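Sequential numbering of the sequence shown, starting at 503, is according to our numbering.
Virtual Cβ for every residue (Gly too), placed ideally from N, Cα, C.
Predicted model only: the values in this text are computed from it and were never measured.
Working notes, structure below.
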Amino acid sequence: MTKNIRLLTKSLRPIPKKLKNKEQKFRRRYLDLVINPERVKLFERKAKFWEVQREFLKKEGFMEVEVPVLESVTGGADAKPFITHHNALNQDLFLRISTELYQKRLIGGGYDKIFTLGPNFRNEGMDDEHLQEYYQLEWYWAYANYMDNMELVKRLFLQIAKEVYGKTEFTTRGHTFDLANEWKTLDYSEVIKDAFGVDIFNDSDEKILKVIKENKIELDGDINRNRLIDNLWKIIRAEISGPAFLINHPKFVSPLSKESSENKQLTERFQVIIAGSELGNGYSEINDPQDQLERFLEQQKLRDSGDDEAQMLDIDFVEMLEYGMPPTSGYGQSERIFWFMEDISGREGTFFPQMRVEIEQTTKKIYGEKLGKYIGIKPKK
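Below you can see the structure in the form of structure tokens.
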């Protein structure tokens, strides 16, 4: 028999048995977690997903470092940044799209193995595989090259699969792949030539555009040769289950990758290809300041002609290279890997994804007179 009751909190609204639509679970994740215990387990797996990667890199001798979120020049990826204003300095700054250029400054400062794990921001379209704010792991390894990093990446993927899921085979987005299988290597220009008969180094933009239109690919933003060829690759990529590495990227689509010693048109770069998508990107880093400056200038020309995803000229970074940075390889992968292993969308795999602000109708009815314009209610005339 109950002898005492102590009220610990007020509960003014009943907890529903289920949420009416998908958007409600994103807007009221706290209710989603209370109603659906399996969602609690999902985010526990996500915590372990990151924990395994941290521990893996620490055991490999890497040190976790902090780098700025706000940057005066942003870079390390082809992406449109968010812009904010620093009042005290009275200058616009960018939210980082990558941690690459600051980590490489630390390599130039003498660190050999470093990594970051934290949020990046890209002011781009939203879909099942992309969010504007997401978590990314990125590391830099002095005196290593891209092939060394490819081996490390394979071992990391297997570690995640075994420790978080207890398996290596997954089905997601209509693809099935086994991380314990041999990872194939695909040559960037050769797979495009085999699929479409296009020579990416010599064929005209008109020919490439014709192939893209024949495959009913919609192009948006600034249309230049880089974007045309990238769209050709994306048509092929959609059919690849993997696991595989895409290698031998041309120099003109890889502004931060070291030139291949065997072919000056190519770079020492690789991408992880799984379930029709690119889930990781790495390369041997440029440590020649003159080469890097020329690559930046080529990218800046693209920006000046209207490509707002092209990389910015970062002369401070070039200056660091002039003092000397050892041969280095870097790599980055984001939480998209978790979304793929779970076979869920990005919003489903994020506690609080960004959404358009919306006040619930019940809230408006309850607080309309008291809060009025603060919750989007226009005064009666």
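- Straight across, the Cα-Cα distance linking R531 with L509 is about 24 Å.
- When C-beta atoms of the region 718-737 are compared with those of the region 781-797, fewer than three pairs fall below 8 Å, so the two segments do not count as touching.
- With a cut-off of 8 Å on Cβ pairs, the region 603-611 is in contact with the region 812-828, counting three or more such pairs.
- Straight through space, the alpha carbons of F672 and R797 are spaced by roughly 39 Å.
- The shortest CA-to-CA distance from F545 to any of L597, Q863, D630 and E837 is the one to E837.
- The region 551-570 makes no contact with the region 858-875, as fewer than three CB pairs between them are under 8 Å.
- Spatial neighbours of Y636 in its own chain (CB-CB distance under 6 Å, excluding positions within 5 residues in sequence) are listed in chain order as S836 and E837.
- Residue state for V567 is assigned as coil, using DSSP reduced to three classes.
- Taking every protein chain shown into account, the CB of L591 has fewer than 16 other CB atoms within 10 angstroms, so this residue is exposed.
- Sequence-distant Cβ neighbours of V820 in its own chain, meaning closer than 6 Å and more than five residues away, are P791, Q794 and L795.
- Considering only S600, H588, S574 and L595, the residue with the shortest C-alpha distance to D580 is S600.
- Between the region 762-772 and the region 637-645, the count of Cβ pairs shorter than 8 Å is below three; the stretches do not touch.
- The count of Cβ pairs closer than 8 Å, one atom from the region 801-817 and one from the region 691-701, stays below three, leaving the stretches out of contact.
- Look at N651 here: in three-state DSSP terms it is helix.
- Excluding residues up to 5 positions away in sequence, P757, A812 and Q813 lie with their Cβ nearer than 6 Å to the Cβ of Q801 in the same chain.
- Straight-line spacing of the CA atoms in P621 and F840 works out to 15 Å.
- For I788, the closest alpha carbon among the candidates Q661, G668, G699 and E770 is that of E770.
- The three-state reading of DSSP puts R771 in strand, counting E and B together.
- DSSP places G808 outside both helix and strand once states are collapsed to three, so it counts as coil.
- P539: not part of any beta strand (DSSP E); member of the alpha helix (DSSP H) spanning P539 to K561, first to last residue.
- Annotation for I839: no beta strand (DSSP E) segment contains it, though the alpha helix (DSSP H) segment containing it runs R838 to E844.
- Within the DSSP secondary-structure output, Y637 pairs in a beta bridge with P621.
- Residue S691 holds the alpha-carbon nearest to the alpha-carbon of F703 among I714, S691 and I585.
- G848 is positioned such that its CB atom lies closer than 8 Å to that of E631.
- In this structure A740 is exposed. Its beta-carbon is surrounded by fewer than 16 other beta-carbon atoms within 10 angstroms.
- The bridge partners DSSP lists for K686 are A746.
- Assigned with DSSP and collapsed to three states, F596 falls in strand.
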